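Sequence lines, in order, name chains A and B. The numbers in this note's numbering rise by one with no breaks, and the one at position 109 of the first sequence is 114. The numbers in this note's numbering rise by one with no breaks, and the one at position 191 of the second sequence is 196. To start, the structure under review is shown below, and the notes come after it.
Number of protein chains: 2
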Amino acid sequence: MGAPRLLVASNRGPVSYGWDDAGRLVERRGGGGLVSALSGHPARWLCAALSDADRAASRAGLLPDDVQMLEHDPVTFDRAYNRVANGALWFVAHLLHDLSRTPSFDSRSRREWTAYTAYDEVFAEALARQAAPGARVLVQDYHLCLTPRQLRELRPDLRIGHFTHTPWAPPEVFRVLPDEVVRDLLTGLLGADAVGFHSGRWAEAFIRCCTLLLGAQPVDGGVSYEGRVTRVGVHPLGVDRTELRARAAQPDVVGRRAGVQALVGDRQLLLRIDRTELSKNIVRGLHAYRELLRTWPEHRGRVVHLAFAYPSRHDLPEYREYTAAVQRVAREVNEEFATADWLPVHLEVADDYPRSLAAYALADVLIVNPVRDGMNLVAKEGPVLSPDGVVLVLSREAGAADELDGDALLVNPYDLGQTAAALHQALLMPYAERRARCDRLADAASALPPAAWLAAQLAALD
Amino acid sequence: MGAPRLLVASNRGPVSYGWDDAGRLVERRGGGGLVSALSGHPARWLCAALSDADRAASRAGLLPDDVQMLEHDPVTFDRAYNRVANGALWFVAHLLHDLSRTPSFDSRSRREWTAYTAYDEVFAEALARQAAPGARVLVQDYHLCLTPRQLRELRPDLRIGHFTHTPWAPPEVFRVLPDEVVRDLLTGLLGADAVGFHSGRWAEAFIRCCTLLLGAQPVDGGVSYEGRVTRVGVHPLGVDRTELRARAAQPDVVGRRAGVQALVGDRQLLLRIDRTELSKNIVRGLHAYRELLRTWPEHRGRVVHLAFAYPSRHDLPEYREYTAAVQRVAREVNEEFATADWLPVHLEVADDYPRSLAAYALADVLIVNPVRDGMNLVAKEGPVLSPDGVVLVLSREAGAADELDGDALLVNPYDLGQTAAALHQALLMPYAERRARCDRLADAASALPPAAWLAAQLAALD
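Right under this line is the structure:
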């Protein structure tokens, strides 16, 4: 195998490793659009070793030929990944800071920023060493915003793309970050030939940041800075309908159906599936469900709310508190409305993807109400996997709202009354309307499946 | 006196009342740019009765001829003033919500919004009853956003202006509010012939909200909506240098000088003056001072930080917690650095305007570091009252930064390291540079004194 002509760089790779009870390394294949999109493309994938097992597998030569894991010392990793990427950058992108209190930047955050810079540089150097002349490189997401510029300085012959999977903050919020961080992030991305976002709203916010905070010039289709033009594209990732349906027909999914059905009985199923992530707005979703049961008592005893809220980032205290709040509100709703034979909310905190796929097929209403979300694939998977026409209640602040507007019931995620009214409308919607809306939602959700999404990014580099 | 040809409407009026120890009603004259601006103009001022004493004075006919206080029932007042205006609208304008938790809108918030609407309508009806044909009406601030449109419907002959003293939120944050609230606020203001802001940034954000959330059209100098054009103006309120210096020469100010001087001794004085308001960023200011003392030990024992942080909105728990946090951090800094003859921070929570004026004249450095502020007049008063050239360390997020950029040391209010470095630079600045910068700051601060500011608003109505 010669030097690769297509390379992908991302924090999390297509495989990860763990140890089984006997102490043997076990490989886990990741899902996600990029894995699916790359099947059939000869590409080298560079990712970070995220665990001791990853490092052991990498050193033992167990990785697939097309995957390479980069090692970082634990202090650098913690600062770059936990503090900068998942702390500062995720919070800024999703408007999650409580600005009268957080963030604050001091000498510690400057060390963290140095670590993030070094982390991205490790990727840039590995890419620069390996890429064939003129190769195409696709850098992924907010962990690696500096890599495009770093790589261009090492290898100006390459064609470099970057894709951001999160939202982008308006300049008023983006410039909360220290001046040098703002400058490095924007110039880092503008080191790419093309950058991509899931929504035109995020692309526009990025262009406004470049214009107002960096003095770059908006030009047709992109941004001009220091004599170079970076194309700015909108590529809303969708699902591969055929692949997803085939996955949902696997025995592990089929085998979980009866268990989900038993929880629901002959009632209507209101479903939600999220990580317990601050942006996912699970607490307000439960409050809206309570408002529904208070305002329209005819739904009492006739609907079950199944909330799969699997754990996320439990090393951060904000996330532990948030999970506790979710559990508390679910308990309160049950205390207020439960009867001898009806539990209004089933909150499940285990991560069980096959069970989620099984639940999609049974749902009458799917609620996806993030305060802000780069895309949200749950909103797209649900309609594709629904045989009976699920009704989608969707936050307008999700990137997916761009494509699903019109057939989803869009809500302001802060408005419990509006959300409750949408749930009421959804639960009462006649079958024919549900069916017709869901068919159109499924079409829109699969308009740009992973392979086409990847092709669009590659085309932007040519 | 005939029907007035100029009317002003604001929540807080130019006078308020209390009872003295003998149970007699005592009038207090308010300060503020508008009071100063209107002296010499024959105008009728409509405001709210904010206390039992106000109501008693109003009913007893003790008010000045040109002032009328409108009464609201206590429930309506609490909902409109505390919940909507100072809760939701203030928080949105200053980006103070912790969006993963607050706000949430439910049936209670809809009752509150109805109260706000009724509150504004009381003003509109009173104005409509009293105004002479073709009169000019100046409506003030975020408490009265609906009044312009309500008034126009009653009296299309009037020329109506509105001025917003807070920042304006970008559309991504403004649309956190319920759909009908967004629509009512924007169409309410667009009921005016001209609206004004302290900063071009707030005006631009308002125009973007009208365009993106209401479908209005930006036009040269304003916004077009439903066939009418509302002018959008930027009128950055300044201070009246002559009047302010005369006030600072009064005996109550002069008499407080020795007391302030005694706290400072022969050390340098770092001063701040704020309400204990979440947006004022007092906690980070104290952290930055701590960072200064840690990083540049040469300032230890040679500077005193006098922080006048007078109480504000103590009926809201967030504000009580914030005040407690300010007190805690001040104590921590003193515990870390105090010596037998040096207390690094003097935190004073009493509201004593003459003492503040006395302190301005003694300050070497003035820190004004809000996370967001419509204007901030402290940043303008300080240079005007400084005989020896105070150095201004100013947040770029204050409206005042537009005019004071270049001679103030601008900082990112979230960046403690940058703020500490600016304090260091300020404390070391040579006299000639301080003097020259301060003179230019004083000029800029008094470029649009209240009378000219009022004239600009009136001119926009013609």
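Positions of the beta carbon are idealized from the N, C-alpha and C atoms, including for glycine. Because the structure is a prediction, the values reported are computed rather than measured.
Neighbour flag for B:Y419 against chain A, beta carbons, 8 Å: As a first step, residue 419 of chain B must be located in the second sequence, where it is residue number 414. With 8 Å as the cut-off, B:Y419 counts as an interface residue toward chain A.
Inter-residue spacing [alpha-carbon to alpha-carbon] between B:G45 and B:A137: As a position in the second sequence, residue 45 of chain B is number 40, starting the count at 1. As a position in the second sequence, residue 137 of chain B is number 132, starting the count at 1. Answer to the nearest angstrom: the Cα atoms are 19 Å apart.
Contact residues within the region 325-352 of chain B, judged by C-beta distance below 9 Å to chain A: Y327, A330
Beta-carbon proximity list for B:A8, same chain, < 6 Å, skipping 5 on both sides: Translated into positions along the second sequence, residue 8 of chain B becomes position 3. Closer than 6 Å at Cβ, skipping near neighbours: A137.
Which of helix, strand or coil DSSP assigns to A:V376: As a first step, residue 376 of chain A is located in the first sequence; it is residue number 371 there, counting from the start. A:V376 falls in the coil class under three-state DSSP.
Residue from B:A343, B:S361, B:T216 with nearest C-alpha to B:V265: As a working mapping, residue 265 of chain B is identified with position 260 in the second sequence. Nearest of B:A343, B:S361, B:T216 to B:V265, Cα basis: B:S361.
Residue interval of the alpha helix (DSSP H) (run including B:D393): Within the second sequence, the letter at position 388 stands for residue 393 of chain B. No alpha helix (DSSP H) contains B:D393, which DSSP labels as neither H nor E.
Beta-carbon gap between B:L421 and B:R289 smaller than 8 Å: Residue numbering aside, residue 421 of chain B sits at position 416 when the second sequence is read from its first letter. Residue numbering aside, residue 289 of chain B sits at position 284 when the second sequence is read from its first letter. Contact: yes.
Nearest-angstrom Cα separation, counted from A:A27 out to A:V350: Here the question's residue 350 of chain A lines up with position 345 in the first sequence. Here the question's residue 27 of chain A lines up with position 22 in the first sequence. Straight-line Cα distance between these residues: approximately 38 Å.
B:G394 and B:R440 closer than 8 Å at C-beta: Working through the second sequence from its first residue, we reach residue 394 of chain B at position 389. Working through the second sequence from its first residue, we reach residue 440 of chain B at position 435. Their beta carbons are under 8 Å apart, which means B:G394 touches B:R440 by this criterion.
Chain B within 8 Å of A:G422, Cβ atoms only: The residue you call residue 422 of chain A lines up with position 417 of the first sequence. Yes - at least one Cβ of chain B is within 8 Å of the one on A:G422.
CB of A:L311 within 8 Å of CB of A:L276, strictly: Here residue 311 of chain A refers to the residue found at position 306 of the first sequence. Here residue 276 of chain A refers to the residue found at position 271 of the first sequence. For A:L311 and A:L276, yes; Cβs fall inside 8 Å.
Minimum C-alpha distance to A:D70 - residue among A:T247, A:L195, A:L51: Locating residue 70 of chain A in the first sequence gives position 65, where the first residue counts as 1. Nearest of A:T247, A:L195, A:L51 to A:D70, Cα basis: A:L51.
is_contact[A:S44, chain B] using C-beta, thresh 8 Å: Within the first sequence, numbered from 1, the residue matching residue 44 of chain A stands at position 39. Judged by the 8 Å Cβ criterion, A:S44 is not in contact with chain B.
8 Å Cβ cutoff, B:R188 in contact with chain A: Counting from one through the second sequence, the residue named residue 188 of chain B turns up at place 183. Chain A, which has no Cβ nearer than 8 Å to the Cβ of B:R188, makes this no.
Entirely enclosed beta strand (DSSP E) segments - the region 219-247 of chain B, minimum 3 residues: 222-224, 227-230, 233-239
A:H148 versus A:W95: straight-line alpha-carbon distance, rounded: Position 143 of the first sequence, counted from the first residue, corresponds to residue 148 of chain A. Position 90 of the first sequence, counted from the first residue, corresponds to residue 95 of chain A. The straight-line gap from Cα to Cα measures roughly 9 Å.
Of the residues A:L43, A:R84, A:R29, the one placed nearest A:A58, counting alpha carbons only: The residue you call residue 58 of chain A lines up with position 53 of the first sequence. Among A:L43, A:R84, A:R29, the Cα nearest to that of A:A58 belongs to A:R29.
Members of the region 277-295 of chain A near chain B, C-beta cut-off 8 Å: L283, S284, N286, V288, R289, H292
Status (buried if at least 16 other CB within 10 Å, exposed otherwise) for A:D245: What you label residue 245 of chain A is simply residue 240 of the first sequence in a count that begins at 1. Buried.
Pairwise C-alpha distance: B:G227 and B:R213: If you number the second sequence from 1, residue 213 of chain B lands on position 208. If you number the second sequence from 1, residue 227 of chain B lands on position 222. If you take the alpha carbons of B:R213 and B:G227, they lie about 11 Å apart.
Test: A:L94 CB closer than 8 Å to a CB of chain B: Stepping through the first sequence from its first residue, residue 94 of chain A is reached at position 89. Not one chain B Cβ lies under 8 Å of A:L94.
Nearest-angstrom Cβ-Cβ length linking B:S105 and A:L101, presumed shorter than 8 Å: Start at 1 with the first residue of the second sequence, and residue 105 of chain B comes out as number 100. Start at 1 with the first residue of the first sequence, and residue 101 of chain A comes out as number 96. That pair is a contact at about 6 Å.
8 Å Cβ cutoff, A:L100 in contact with chain B: Taking the first residue of the first sequence as 1, we reach residue 100 of chain A at position 95. It does: the Cβ of A:L100 has a partner Cβ on chain B nearer than 8 Å.
Chain B contact for A:S109 (CB, 8 Å cutoff): By one-based count along the first sequence, residue 109 of chain A stands at place 104. Taking Cβ atoms only, chain B reaches closer than 8 Å to A:S109, which makes this a yes.
Same chain only: Cβ atoms within 7 Å of B:V338, ignoring 5 sequence neighbours per side: As a first step, residue 338 of chain B must be located in the second sequence, where it is residue number 333. Closer than 7 Å at Cβ, skipping near neighbours: L291, Y294, R295, P349, V350.
C-alpha distance - A:L446 paired with A:Y230, whole-angstrom precision: Indexing the first sequence from 1 puts residue 446 of chain A at position 441. Indexing the first sequence from 1 puts residue 230 of chain A at position 225. Taking the straight line joining both Cα atoms gives about 39 Å.
Any chain B beta carbon closer than 8 Å to A:R261: Reading the first sequence from its first residue, position 256 is the one you call residue 261 of chain A. So no, A:R261 is outside the interface.
Closer than 7 Å at the beta carbon, the chain A residues around B:P175: As a working note, residue 175 of chain B is residue 170 in the second sequence. Within chain A, the residues near B:P175 are P175, E177.
Ordered list of alpha helix (DSSP H) runs contained in the region 41-88 of chain A, each at least 4 residues: 57-64, 79-82
Beta carbon proximity, A:D184 to chain B, threshold 8 Å: Residue numbering aside, residue 184 of chain A sits at position 179 when the first sequence is read from its first letter. Yes, A:D184 lies at the interface with chain B (some Cβ there is under 8 Å from its Cβ).
Range of the contiguous beta strand (DSSP E) that encloses A:H203: On the first sequence, position 198 is the one that residue 203 of chain A refers to. Note, A:H203: premise wrong, no beta strand (DSSP E); not H, not E.
Within chain C, the residues that A:D320 reaches when beta carbons sit closer than 7 Å: Among the protein chains of the structure shown, namely A and B, there is no chain C.
Unbroken alpha helix (DSSP H) run spanning B:G135, endpoints: As a first step, residue 135 of chain B is located in the second sequence; it is residue number 130 there, counting from the start. The identity of residue 135 of chain B in the sequence shown is Gln, whereas the question assumes Gly. Note, B:Q135: alpha helix (DSSP H), 112-135.
is_contact[A:D378, chain B] using C-beta, thresh 8 Å: Residue mapping note: residue 378 of chain A aligns to position 373 of the first sequence, counting from 1. Not one chain B Cβ lies under 8 Å of A:D378.
B:V181, DSSP secondary structure in three states: Counting from 1 along the second sequence, the entry for residue 181 of chain B is found at position 176. The answer is coil: DSSP assigns B:V181 none of H, G, I, E or B.
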